[in-house]
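Here's the structure we're looking at; comments come further down.
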Amino acid sequence: NSSELIGGLNRKSQLQRQQDQQQHPGVSRNDLDAAIDAADWAAVGATAALLANTNANSNISATPMSNQTTGSNRTGMSDLDQQRANELDHLVDTGDWEGVVLAAAKFESSPAGGYGIRSDDSSSMDPSAAGTAFTVNASLGSETPSNLKKRSEIRAEVEDLVRKVVPDEAENIDEMMRQFYGREEELLETLRSMQERAIAQRQRLASQKSAKREAQAVQLKSLATDTPAPEGEENVTTAGSNAETSTVFSDPQFEGIQTEDIGSGSGSGSKTAATGDGSGFGGVPPAVALQKTKEDDEKERLEKEEQDALAQAAIWKKIAAANKPQEDAMDSEQTKGARAAADWAIERSLSALKKVEKGSKSGSGVHSSFSGSIDEVIEEDEV
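Per full-length UniProt numbering, the very first residue in the sequence shown carries number 1; after that it's consecutive.
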């Protein structure tokens, strides 16, 4: 804010004093007396400030105004200006140059009235305010039209920077310009550095947001590549397997197997048991009918396992027949591998069939018909 800017740059007031002293090396006590007699309070403040620097670097002492013949030069002054001049004379006699500067600044700011500032009042004021008043009054004597034009341009730039960097301080621009009177370049430099820091901070925030968006995009892309394959491929494979199985069951060697009889037998048993009339199968008591239903279900399960085993054996038989070489051709390594795989699969199917046969020795006559078909498949495979 404006107070921080002012406080940070008041430390350079001493350098400004030295520069003013170099620019006005010929200022003397007579110049101060002439300015007081003319009631030119701006010139009084500037001259007193230069004399203060000269007095600090040399052994110049103030000469009492009683020894000066200045009363005749003040006959045309008003009572208020006479009072102000006498007060300034007292401050000069005591060597209080800072008090002279402050009093002249007060008189300049309120030419129509007000009271003077005593030496003891000036000692209790803020040093930063004293330095600021000194800077303002020291520069008034050298004001030119070119300086005024330059200061107006600087003010426009300061106003633009303040609205961009610290918009809350836009109402204090006049105060800033008064505090930095003669040091406008320092104010501009400070505001420019603040603007650069604000721009750098915005750039860092923008880069962080951009990096965050890129990371999110990469994460979404990785998730998209990890999605499973469409279900259509799996459906096609399943449909092909079902078609192949149906082809096997429609093979001519299985025409003697009537699965409809099995289904109809099971259905009739279920239908009879569901009647609940107490007659069961042909008037058999319900307990006996339930036992017969369980036996039929077991028989149906065994028959289905036998059918599946026969179908699997037939599939491997077809694979072996397709990979069987011609009689006058030599077996290749690929044909041997296919034959070995087919033999292994057939052997595995036969083992499964034997297990089914052992578990179904107590089955019905349908099992005997399936056993005959299995024996035929085994004989053909052995050939």
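By construction, the Cβ of each residue, glycine as well, lies at the ideal position given by its N, Cα and C atoms.
Fair warning: this is a prediction, and the values are worked out from it, not measured in the lab.
- Counting only runs of 4+ residues, no alpha helix (DSSP H) is found wholly inside the region 190-215.
- Around the CB of Thr47, 16 or more other CB atoms lie within 10 Å, so the residue is classed as buried.
- Relative to the Cα of Leu353, the nearest Cα in the group Ala313, Ala341, Ala342, Lys318 belongs to Ala313.
- Exclusion of the five residues before and after Gly45 leaves Val101, Ala104, Ala105, Asn137 as the residues of its chain whose Cβ lies within less than 6 Å of its Cβ.
- Following the DSSP letters along the chain, one finds Phe107 inside the alpha helix (DSSP H) bounded by residues 97-109.
- A residue is called buried once 16 or more other Cβ atoms fall within 10 Å of its Cβ, and Glu87 is buried on that count.
- Proximity to Leu80 across Ser210, Ala170, Glu108 peaks at Glu108, based on C-alpha coordinates.
- If you draw a straight line from the Cα of Asp93 to the Cα of Asp37, it is about 16 Å long.
- Burial check for Ala217: the Cβ neighbour count within 10 Å stays below 16, so the residue is exposed.
- Judged by DSSP secondary structure, Arg183 falls outside any alpha helix (DSSP H); it is assigned neither H nor E.
- Between the C-alpha atoms of Ile154 and Leu220 there is a straight-line separation of about 53 Å.
- Nearest to Ile319 by alpha-carbon distance, out of Arg192, Thr225, Ile346, Glu169, is Ile346.
- Remark: C-beta atoms of Leu188 and Glu157 approach each other more closely than 8 Å.
- Each of Ala49, Leu302, Asp33, Lys150 was checked against the Cα of Arg183, and the nearest Cα belongs to Lys150.
- A direct Cα-to-Cα measurement between Glu196 and Lys164 gives close to 11 Å.
- Contact check between the region 203-215 and the region 166-183: fewer than three CB pairs, one atom from each, fall below 8 Å, which does not count as touching.
- Here DSSP, grouped into helix, strand and coil, assigns Ala352 to helix.
- In the three-state scheme derived from DSSP, where H, G and I count as helix and E and B as strand, Val158 is classed as helix.
- 8 Å or more divides the Cβ of Arg29 from the Cβ of Leu50.
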